[in-house]
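2 protein chains.
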Amino acid sequence: MTRPGQHCGLRGVTVTLTTREAIARAAGALFEQHGYTGTSVRAVAAEAGVDPALVIRHFGSKEKLFLDTMDLQGHFGGATLGPLEELGERLVATLLGPGRDVRLSAYRAMVRATDSELVRARLLDALEEMFVGPLTPRLPGPHAELRARLIGAQVAGLLDQMALVEDPVLVSVDPDLLTRTYGAAIQALVGVPDPTGGPVS
Amino acid sequence: MTRPGQHCGLRGVTVTLTTREAIARAAGALFEQHGYTGTSVRAVAAEAGVDPALVIRHFGSKEKLFLDTMDLQGHFGGATLGPLEELGERLVATLLGPGRDVRLSAYRAMVRATDSELVRARLLDALEEMFVGPLTPRLPGPHAELRARLIGAQVAGLLDQMALVEDPVLVSVDPDLLTRTYGAAIQALVGVPDPTGGPVS
């Protein structure tokens with residue numbers, strides 16, 4: 086439990102949480118653990134050590150609290166920027182790298198809550214910000230935007246099987262083998278600059 | 086509404102629904118439209134024109150009714166059997182082909198209900214039956230089972246973006262272009278027999 090005003094030590098640094106931060110931290114933990122429908126405003130308030138009315142005053146509604154605390158953006162930020170030749174492998178390595186469990190939990194909670202129009206819109210925003218925006222101008226060859234979206238679909242597919250279906254083979258296979266194998270499939274949509282100068286898809 | 090004993094004409098053929106069939110048909114329609122949590126046993130019973138106790142007597146529980154009526158199996162059955170050289174395109178064409186809306190609705194309802202362990206197990210069964218079982222012995226090259234699972238992940242990713250996130254570009258783009266483009270990405274995991282005789286991945 087991380088109450089407002091509490092001092093939390095992290096590597097010897099002492100920080101004081103505001104009420105808003107304490108609520109957000111409690112909500113993030115509960116949503117990731119129990120999902121959207123399994124988490125109540127009352128439970129978040131109890132976990133944060135505040136009155137439920139304060140949760141609503143700070144975030145407006147349970148739906149907005151969920152959207153404000155489930156941060157999918159940024160999870161693939163750096164991975165879309167490096168050399169295109171290794172984009173596929175870099176995306177998979179990023180998915181499987183540090184923060185993997187938080188990433189899988191956030192994705193799981195978001196996808197299971199997609200009967201909410203706001204949640205769908207947020208997932209679409211994340212797709213645009215993480216893949217379509219950065220990749221469309223960089224991908225050589227025709228239909229770059231479509232291919233950027235489909236790269237997002239491939240990443241979503243792997244998240245799906247690991248976070249939602251919990252495929253026992255994928256969650257336990259050697260991450261390097263998974264990175265090389267699925268990276269090659271993503272790479273098929275990247276296209277590489279033709280050494281003669283013209284782009285090929 | 087399709088009540089038991091009712092005569093439904095389909096292409097001039099008259100069929101009589103049993104109580105079980107009437108419940109299953111009503112449940113399928115309601116689950117696809119409103120999802121698992123948005124559909125009650127009472128609503129299914131009302132739609133089928135039977136007493137709610139009959140729903141439980143025939144199917145045991147709402148969860149079992151859901152699993153019995155949301156049929157994902159068979160949706161890709163034939164597509165995994167034809168020539169490997171066109172497997173990727175054939176899988177996408179099958180996904181986008183006749184029955185697409187039912188397929189997307191069933192997938193949507195199942196994935197949103199994956200907080201149920203039984204639903205996760207059913208999705209994993211579907212992956213095994215539709216992709217891992219038929220493809221593992223057919224794929225040339227190393228790590229055939231892993232690649233079969235990842236082909237399933239790619240299909241799930243496209244279903245995701247179309248059914249759950251409802252990506253407006255993917256749902257409206259020329260299906261032939263989508264089939265060629267995403268088919269090529271799936272094909273990267275298929276591998277093709279080496280003309281010299283040895284398998285390459």
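In order, the protein sequence lines correspond to chains A and B. Position in the first sequence counted from 1, then plus 85, gives you this note's numbering. Position in the second sequence counted from 1, then plus 85, gives you this note's numbering. We treat Cβ as the ideally placed atom computed from N, Cα and C, and that holds for glycine.
According to the DSSP assignment, A/A112 belongs to the alpha helix (DSSP H) that extends over T104 to H119.
Around B/A164, the same chain offers R175, L176 and T179 as residues with beta carbons nearer than 6 Å, after the five sequence neighbours per side are excluded. Rounded to whole angstroms, A/V250 and B/L274 show a C-alpha spacing of 20 Å.
Residues of chain A with a Cβ closer than 9 Å to the Cβ of B/G120 are, in chain order, D200. Within the same chain, Cβ atoms closer than 6 Å to the Cβ of A/V140 are found at I108, V126, V129 and A130, the five residues on either side in sequence being excluded.
The distance from the Cβ of A/P219 to that of A/L166 is about 7 Å, consistent with a contact at the 8 Å cut-off. A/G113 is positioned such that its CB atom lies closer than 8 Å to that of A/T154. Excluding residues up to 5 positions away in sequence, H143 lie with their Cβ nearer than 7 Å to the Cβ of A/R105 in the same chain.
As summarised for the stretch 142-167 of chain B, there are no continuous beta strand (DSSP E) elements at least 3 residues long confined to that stretch.
If you draw a 10 Å sphere on the C-beta of A/T264, you find 16 or more other C-beta atoms in it, and that means buried.
Using a Cβ distance threshold of 8 Å, A/L172 and A/Q239 do not count as a contacting pair. In the three-state reduction of the DSSP assignment, B/V129 falls in the helix class. Against chain A, a Cβ distance below 9 Å from B/R205 picks out L249, V250 and E251. Residue range R185 to R197 is occupied by the alpha helix (DSSP H) that includes B/M195. Taking CB atoms only, B/L209 has a neighbour in chain A less than 8 Å away. With fewer than 16 other Cβ atoms inside 10 Å of its own Cβ, B/G145 counts as exposed. Residue-level contact check: A/V256 does not touch chain B, since none of the beta carbons of chain B fall below 8 Å from its beta carbon.
Counting along the chain, no alpha helix (DSSP H) covers A/E213, and no H or E run does either.
A distance below 6 Å between beta-carbons, with the five flanking residues on each side excluded, links B/P137 to the following residues of its chain, in chain order: V126, R127 and A130.
A distance of 8 Å or more separates the beta carbons of A/L203 and A/M247. Relative to the Cα of A/G237, the nearest Cα in the group A/D252, A/P222 and A/A211 belongs to A/A211. Scanning chain B for C-beta atoms nearer than 8 Å to the C-beta of A/R232 yields T266, reported in chain order.
For A/L115, no Cβ of chain B is located within less than 8 Å of the residue's own Cβ. For B/K147, the closest C-alpha among the options B/F161, B/L208, B/G120 and B/S257 is that of B/G120. At least one beta carbon of chain B lies nearer than 8 Å to the beta carbon of A/H228.
Here A/R193 is buried: its Cβ has 16 or more other Cβ atoms, across all protein chains shown, within 10 Å. B/R223 carries a coil assignment under DSSP once its states are collapsed to helix, strand and coil.
Closer than 8 Å to the CB of A/L102 there is not a single CB belonging to chain B. Chain order gives the chain A residues near B/A269 as A273, where near means a beta carbon separation below 7 Å. Taking the CA atoms as reference points, B/D252 sits about 7 Å from A/L209.
Within the stretch 117-148 of chain A, G120, T122 and G123 place their CB atoms closer than 8 Å to a CB of chain B, listed in sequence order.
Shown here, A/S201 sits in coil according to DSSP, grouped into three states, outside any helix or strand.
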